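In UniProt numbering, the protein residues as written are 1 to 665.
All C-beta atoms in this analysis are idealised placements derived from N, C-alpha and C, irrespective of residue type, glycine included.
Remember, it's a predicted structure, so these values are computed and weren't measured experimentally.
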């Protein structure tokens, strides 16, 4: 393997620094065989295991060399090498590693070695890799007291096709010192080539020139082979030839590797991927679900997807729209989609209406007959407790303040709530109507008869068929139109397509009620709080990271602190000045959430996203009535009339309320 791009367990022997780039665990066996007349001793078997850990990658390699009789003494004797490699994980752009090696043999001249080999690799660009290796730099000695000469490898590899692995060209040279002052060291140049073969793997070749100073001219050693990749399995084989290799025909090599990662290669058999949801996804898990469905749409070996829903697939209608869009994307890529439901609700119906077919457990049902919403008002409770909400509000449609000051909503509030519900219902009906091909008016009449037992849902045309879990395989075959192999989605890791730091898109979440300071959550209540410092810091880091080419701000908040909104908006504006900033609105992006979104060069929302900014309010609660009921008296002393204006132990004065109105505006 090339010294600058040996990113597998061959790095243990070739360049230990490259162990740092090992994408996952690899177990490899290699066998090299040459003719009996070959002068090269590198014949035999090698077994290697490499594992990337938290901040280091490590690997073990056992070499059992059985050289041909024509190899120069003492290298014509069988020998064994045990190597342990370690590489620091310093990131994808730089690596340093060392291999410790122990050599043993029945021949004294090959026994007793303890070798140290170190290497570095620099990858400043996605298309360039530079490596240097100091081999046997401790000059290990054998049982006879004879020392090995130090040697150095220098290599460069380029991937000229946009940095992708489609084509790789390498040039390198090995320099071996000579401790004899009357003789100079020797150089051994080498050229390497890697060419991706679509749907197979990689075609590899190299040419090495040996004995450049020979009067008869240099000898040539060459290799040509093919790596065939099938998922996590790699099978390699090829020939070794040239006058430096053998005088009695060519040799060959073969290698088999089992890996926890994969490289592009043979397309696996078509399969149906099962995606099961046992709980409703939260904000971040919802994003991962979308990414999973997008990836499956692009996977050529996936013929269909079976969504097995044991909970609502989305936490809001806006999220349901996005999952439904991902299903339509699957179908546009030629994938069949089946939904299997048990006890489903409206969001499951919304999502699955866009699948090819909906199956339901005969004992299940569809718990849906329309959309409703409820709002709580605590004014009466606070009054009984002796607590008064003292609020200053701008905008008659800013209804959040009403829940603390009133026992029911104003007429404006009632009209707004009903209008919002009508919009959400219209969006829902349009989506389900398009998916199930039922006219909106007819669909509305059918849904009004709900909730539904499974058989009723089928008779109403809301699901297509009834099937228990054990019948799911048969149903999948019917929907796919052929016998199908059903598997759970387990994509595994993929080897990086490019070297170094690849361009990235940063995804920053603004999720939860907006507060000043750091983000936090209240576990028992399931409340998430989006802190201004946390979100602003994430935007700042994305802006300052030169590998981040664009930023997506995912907004999932109904608002909160005006100060937090402004702090986040400022960082969003600074980010938008230097990089594309795209705002993606989820379930809601209202009030302060909308305010923080306006910096986006493009703002995307769903039909059911609750967004907009309709005013602000500010205030406090006055608990003097509660304290009086408890028998607590309060005396307050102040140095200025408004010194205790924000105290919870008195209401605002008329003057303070007037000034607050001015400041809030």
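| task | Output the distance between the C-alpha atoms of residue 325 and residue 290, rounded to the nearest integer angstrom. | result | 9 Å
| message | Rounding to the nearest angstrom, what Cα-Cα distance links residue 652 and residue 606 in this structure? | response | 41 Å
| What's the gap between the Cα of residue 435 and the Cα of residue 322? | 14 Å
| task | Report the three-state DSSP secondary structure of residue 84 (helix, strand or coil). | result | strand
| query | Touching or not, the region 102 to 122 and the region 14 to 26, by the rule of three or more beta carbon pairs under 8 Å? | reply | yes
| field | Touching by the beta-carbon criterion (3+ pairs, under 8 Å), the region 486 to 500 and the region 554 to 570 | value | no
| field | Three-state secondary structure assigned by DSSP to residue 504 | value | strand
| said: So residue 570 and residue 255 are supposed to be a Cβ contact under 8 Å. How far apart are they, rounded? | reply: With a Cβ gap of about 56 Å, residue 570 and residue 255 do not count as contacting.
| request: Might you give, ordered along the chain, the residues of its own chain that have their beta carbon closer than 6 Å to the beta carbon of residue 352, omitting 5 neighbours on each side? | output: 339, 358
| task | Please confirm if the region 362 to 382 is in contact with the region 460 to 478, defined as three or more CB-CB distances below 8 Å between the two stretches. | result | yes
| For residue 332, the three-state DSSP class (helix, strand or coil) | helix
| field | Uninterrupted beta strand (DSSP E) stretches inside the region 281 to 311 (no shorter than 3 residues) | value | 302 to 309
| request: Measuring alpha carbon to alpha carbon, tell me which of 422, 405, 399 ends up nearest residue 412. | output: 399
| query | Since residue 175 contacts residue 151 with CB under 8 Å, what's their CB separation in whole angstroms? | reply | 6 Å
| Looking only at its own chain, which residues have a Cβ that is under 6 Å from the Cβ of residue 192, when we skip the five neighbours before and after it? | 2, 170, 206
| message | Counting C-beta neighbours from all protein chains within 10 Å, is the total for residue 178 16 or more, i.e. buried, or is it exposed? | response | exposed
| Going by alpha carbons, who is nearest to residue 180 out of 149, 80, 356? | 149
| request: Just the C-alpha distance for residue 77 and residue 202, rounded to the nearest angstrom, thanks. | output: 34 Å
| Buried versus exposed call for residue 628 [16 or more other C-beta atoms within 10 Å across all chains shown] | exposed
| said: Beta-carbon within less than 8 Å of residue 333's beta-carbon, same chain only, minus the 5 sequence neighbours each way: which residues are those? | reply: 297, 298
| With distances taken from CA atoms, which of 559, 57, 344, 4 is nearest residue 453? | 344
| field | CA nearest to the CA of residue 504, picked from 74, 146, 547 | value | 547
| field | Which listed residue (184, 182, 226) has its alpha carbon closest to that of residue 194 | value | 226
| said: Once the 5 residues before and after residue 406 are set aside, which same chain residues still bring their CB inside 7 Å of it? | reply: 377, 379
| How is residue 528 classed by DSSP in three states: helix, strand or coil? | strand
| Close beta carbons around residue 521, own chain, < 7 Å, minus the five adjacent residues each side | 527, 528, 529
| said: Quick check on the DSSP output: the alpha helix (DSSP H) that includes residue 595 runs from which residue to which? | reply: 592 to 597
| task | May I have the straight-line CA-CA distance separating residue 230 from residue 539, to the nearest angstrom? | result | 40 Å
| How about residue 462 and residue 349: do their beta carbons lie closer than 9 Å? | yes
| said: Contact defined as beta carbons within less than 8 Å: I believe residue 549 pairs with residue 579. What is the distance between those atoms, to the nearest angstrom? | reply: 7 Å
| message | Taking contact to mean 3 or more Cβ pairs, one atom from each stretch, closer than 8 Å, check whether the region 96 to 115 and the region 36 to 50 are in contact. | response | no
| query | In whole angstroms, what separates the C-alpha of residue 172 from that of residue 84? | reply | 24 Å
| message | Could you pull the DSSP bridge partners for residue 620 from this structure? | response | 390
| Is the beta carbon of residue 90 less than 9 Å from the beta carbon of residue 52? | no
| message | Just verifying my parser: in three-state terms, what is the DSSP assignment at residue 18? | response | helix
| query | Do we get a CB-CB distance below 9 Å when we pair residue 406 with the residues of chain B? | reply | Judged by its chain identifiers, the structure shown contains no chain B, having just a single protein chain.
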